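Undergrad: Here's a structure for you.
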Amino acid sequence: MSKGRGVPRGMPVPRPGPGGAQNALQALQQKMLETQDALANETVEASAGGEAVTVVMTGQQKVQSIKISPDVFTAGDVEMLQDLIVAAFTEAMEKSQQLAASRMGAITGGLNLPGLL
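The numbers in the working numbering rise by one with no breaks, and the one at position 53 of the sequence shown is 53.
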């Protein structure tokens, strides 16, 4: 037996057959598709301006709703309203991307595989 190897020389090393790797890959792809579908039903919420503007977004970065408090309209400041919408949307997008990365990372073991999200 060679030092530090644990397998005697001349002894065959078991290797997975080509079907085993392909089956594992197909199972991973299926789990990823299921997770992406589930993300369509999960939502995140972000607010700006003390909940003057609230954005609800899915885990697939699709906006479900935007709520604007009537109090914002009484102020009459259009620029402020625009800024609040941008801020709430940006925060919702970040939360949605974090949610998706978390769910997909649980499947891929933290591997950064481009094009998965």
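C-beta: ideal position from N, C-alpha, C; glycine also.
Predicted model, so just to flag it, every value in this text is computed and none were measured.
Run the CB neighbour count on residue 102, radius 10 Å, all protein chains shown included, and call it buried at 16 or more, exposed below.
TA: Reading the sequence shown from its first residue, position 102 is the one you call residue 102. Its Cβ having fewer than 16 others within 10 Å, residue 102 is exposed.
Undergrad: So what's residue 34 in DSSP terms, helix, strand or just coil?
TA: Here residue 34 refers to the residue found at position 34 of the sequence shown. In the structure shown, residue 34 sits in a helix (DSSP, three-state: H, G or I).
Undergrad: Take the Cβ of residue 49 as the centre, count every other Cβ of all protein chains shown within 10 Å, and call the residue buried at 16 or more, exposed below.
TA: By 1-based counting over the sequence shown, the position of residue 49 is 49. Result: buried.
Undergrad: With H, G and I counted as helix, E and B as strand and the rest as coil, what does DSSP make of residue 67?
TA: By 1-based counting over the sequence shown, the position of residue 67 is 67. Residue state, collapsed to three classes: strand.
Undergrad: Start and end of the beta strand (DSSP E) containing residue 52?
TA: Walking along the sequence shown from the start, residue 52 turns up at place 52. Note, residue 52: premise wrong, no beta strand (DSSP E); not H, not E.
Undergrad: Can you grab the Cα-Cα spacing for the pair residue 43 / residue 95, in whole Å?
TA: One-based indexing of the sequence shown puts residue 43 at position 43. One-based indexing of the sequence shown puts residue 95 at position 95. Distance between the alpha carbons of residue 43 and residue 95 is about 9 Å.
Undergrad: In chain order, what residues of the same chain lie with their CB nearer than 8 Å to the CB of residue 71, ignoring the 5 residues before and after it?
TA: Along the sequence shown, read from residue 1 onward, the residue named residue 71 stands at position 71. The residues are 52.
Undergrad: In this structure, what does DSSP give as the bridge partners for residue 48?
TA: Here residue 48 refers to the residue found at position 48 of the sequence shown. DSSP output for residue 48 lists 53 as bridge partner(s).
Undergrad: Please determine whether the Cβ atom of residue 107 lies at a distance below 7 Å from any heavy atom of the ligand SAH.
TA: Here there are no bound small molecules, and the ligand SAH is not part of this structure.
Undergrad: Only counting the same chain, and skipping five residues up and downstream in sequence, which positions put a Cβ closer than 7 Å to that of residue 79?
TA: Position 79 of the sequence shown, counting from 1, holds the residue named residue 79. The answer is none, since no qualifying residue turns up.
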